[in-house]
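Engineer: Under the working numbering, the first residue of the sequence shown is numbered 42, with each subsequent residue one higher. Idealized CB from N, CA, C, for every residue including glycine. All figures in this text were calculated on a predicted structure; none of them were measured in a lab. Could you have a look at this structure, given as structure tokens, before my questions?
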Amino acid sequence: IKGIKEPGVDRLHRGILEELNNLKYLYENINVETMNEFVDLLDKSHTVYVVGSRLSYTFAYYLGWSLTKIRKGVHILKGSDSTSMDMLTNAHPNSLVILMAASRYPNELIKLSKMIRRSSHTLLTMTDSNISPVMQFADLSLVVPARSIPFIGNVSGMLAVIQFIVQELANKKGENLVKYQKQLEQVYLENDILFNLEPI
Numbered sequence: 042i043k044g045i046k047e048p049g050v051d052r053l054h055r056g057i058l059e060e061l062n063n064l065k066y067l068y069e070n071i072n073v074e075t076m077n078e079f080v081d082l083l084d085k086s087h088t089v090y091v092v093g094s095r096l097s098y099t100f101a102y103y104l105g106w107s108l109t110k111i112r113k114g115v116h117i118l119k120g121s122d123s124t125s126m127d128m129l130t131n132a133h134p135n136s137l138v139i140l141m142a143a144s145r146y147p148n149e150l151i152k153l154s155k156m157i158r159r160s161s162h163t164l165l166t167m168t169d170s171n172i173s174p175v176m177q178f179a180d181l182s183l184v185v186p187a188r189s190i191p192f193i194g195n196v197s198g199m200l201a202v203i204q205f206i207v208q209e210l211a212n213k214k215g216e217n218l219v220k221y222q223k224q225l226e227q228v229y230l231e232n233d234i235l236f237n238l239e240p241i
């Protein structure tokens, strides 16, 4: 990206340029076919668990929360909590588990991915590098590539991929999504969950 190494560029603008550089690299290198496979599995699976730990829990929560707006049977688990193993052991047979992993790859996620591999569940991993240790246990892996990974991780690339997956799944739902979202909105309204402007 032009200007990223020019002298006098402040930290904010350099950081933005680095993110743009990463997004450009993502645009050129992401495996769209694998993303579409994720969407198909999310559409067909009865129950979905989204798991993350430390930094990757941010992405797991965002993906899981977004999925609850377009389908039922979505659960968000914190991989650093050992009860996530209990939850997955007792989960509906043949559930879909999406494990989010970002460098430096917490050991609890590696242990969890091993356990899931031995179960009847389907394990998808979304990670930031081809050297991610959880990939070896996955049925399908999606690498969200970045030209550089800062010490707090590549945030914009992961979020862009999550948005694509959620939007594609929403498109597949069609009229069923409209009905589902009306039900959600009714619950929000009846229980005063979200702020609403009073009619004048």
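Output the boundary residues of the beta strand (DSSP E) element that contains residue 105.
Structural biologist: Where residue 105 is concerned, there is no enclosing beta strand (DSSP E), although the alpha helix (DSSP H) it sits in stretches over 96-109.
Engineer: Taking one C-beta from the stretch 171-178 and one from the stretch 59-77 each time, how about it: are there three or more such pairs within less than 8 Å?
Structural biologist: Result no; under three Cβ-Cβ pairs closer than 8 Å.
Engineer: What residue range is occupied by the uninterrupted alpha helix (DSSP H) comprising residue 56?
Structural biologist: Its alpha helix (DSSP H) spans residues 52-70.
Engineer: Counting only runs that start and end within the stretch 118-199, where is the alpha helix (DSSP H) found for 4 or more residues in a row?
Structural biologist: The stretch 118-199 contains these whole alpha helix (DSSP H) runs: 124-130, 148-158.
Engineer: Once you ignore the five residues that flank residue 147 on each side, which residues in its own chain have a CB closer than 6 Å to its CB?
Structural biologist: Closer than 6 Å at Cβ, skipping near neighbours: 94, 95.
Engineer: Could you spell out the range, first to last residue, of the alpha helix (DSSP H) harbouring residue 220?
Structural biologist: Looking at the DSSP string, the run of the alpha helix (DSSP H) that includes residue 220 is 216-231.
Engineer: Determine which residues share a DSSP beta bridge with residue 116 and list them.
Structural biologist: Answer is 90.
Engineer: Is the beta carbon of residue 91 closer than 9 Å to that of residue 105?
Structural biologist: Yes, the pair counts as a contact, with Cβ atoms nearer than the cut-off.
Engineer: Within this structure, are the beta carbons of residue 211 and residue 111 separated by less than 9 Å?
Structural biologist: Taking 9 Å as the Cβ cut-off, residue 211 and residue 111 qualify as a contacting pair.
Engineer: Do residue 137 and residue 153 count as a contact pair if the criterion is CB distance below 9 Å?
Structural biologist: No; because the gap between Cβ atoms is not below 9 Å, this pair is not in contact.
Engineer: Of the choices 58, 132, 168, whose alpha-carbon is the least far from that of residue 145?
Structural biologist: The residue with the shortest Cα to Cα distance from residue 145 is 168.
Engineer: In whole angstroms, what is the alpha-carbon distance linking residue 127 and residue 202?
Structural biologist: For residue 127 and residue 202, the distance between alpha carbons rounds to 29 Å.
Engineer: What separation, rounded to the nearest whole angstrom, lies between the Cα atoms of residue 229 and residue 237?
Structural biologist: Roughly 10 Å between the two C-alpha positions.
Engineer: Residue 83: buried (16+ other C-beta within 10 angstroms of its C-beta) or exposed?
Structural biologist: So residue 83 counts as buried.
Engineer: Alpha helix (DSSP H) containing residue 77: first to last residue?
Structural biologist: Unbroken alpha helix (DSSP H) run through residue 77: 73-85.
Engineer: Are the beta-carbon atoms of residue 150 and residue 194 separated by less than 9 Å?
Structural biologist: For residue 150 and residue 194, no; Cβs fall outside 9 Å.
Engineer: By the 10 Å Cβ neighbour count, where 16 or more other Cβ atoms means buried, how is residue 68 classified, buried or exposed?
Structural biologist: Exposed, because fewer than 16 other Cβ atoms sit within 10 Å of the Cβ of residue 68.
Engineer: Report the CB separation of residue 76 from residue 183 in whole angstroms; it is logged as a contact under 8 Å.
Structural biologist: Their Cβ separation, rounded to whole angstroms, is 6 Å, which keeps residue 76 and residue 183 in contact under 8 Å.
Engineer: For residue 161, count neighbouring C-beta atoms within 10 Å of its own C-beta (all shown protein chains included) and say buried if the count is 16 or more, exposed if not.
Structural biologist: By the 10 Å Cβ count, residue 161 comes out exposed.
Engineer: Mark residue 123 as exposed unless 16 or more other C-beta atoms lie within 10 angstroms of its C-beta, in which case mark it buried.
Structural biologist: Residue 123 is exposed by the Cβ-count criterion.
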